[in-house]
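Everything below concerns the one structure shown next.
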Amino acid sequence: MPSICCAVGCNNRKSNKDGHIFYNIPKNTERRPKWIAAIRRNRWTPTEHSRLCNDHFISGKFVDSELKLVSLASRSGN
Numbered sequence: 001m002p003s004i005c006c007a008v009g010c011n012n013r014k015s016n017k018d019g020h021i022f023y024n025i026p027k028n029t030e031r032r033p034k035w036i037a038a039i040r041r042n043r044w045t046p047t048e049h050s051r052l053c054n055d056h057f058i059s060g061k062f063v064d065s066e067l068k069l070v071s072l073a074s075r076s077g078n
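Count the sequence shown with full-length UniProt numbering and you get residues 1 to 78, in order.
Structural data, given as structure tokens:
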């Protein structure tokens, strides 16, 4: 199954040429609800195939010690 970012309004797909990194939604019971809340999708439950791309992290990569998700508006300068 191809990886597509689960963030609303994001069209990033996993391919070898675009350089995006995709992260699984954590299964850890402390981190998972934080990620789901940060993704901000109404009435959404991630599946085992849900992925979030590196565009939604402040540093462009996942930092295990702290959730650093950013909104699409923040990344686009709006």
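Backbone N, C-alpha and C fix where the C-beta goes; we use that ideal spot for every residue, glycine too.
Query: Residue range of the alpha helix (DSSP H) that includes Arg32; Result: Arg31 to Ile39
Query: Bridge partners - Ile4, DSSP secondary structure assignment; Result: Arg13
Query: Segment contact, 8 Å Cβ cut-off, at least three pairs: the stretch 42 to 54 with the stretch 10 to 25; Result: yes
Query: Exposure of Arg31, with buried meaning 16 or more beta-carbon neighbours within 10 Å; Result: exposed
Query: Beta-carbon separation (whole angstroms), Pro46 vs Cys6, contact threshold 8 Å; Result: 7 Å
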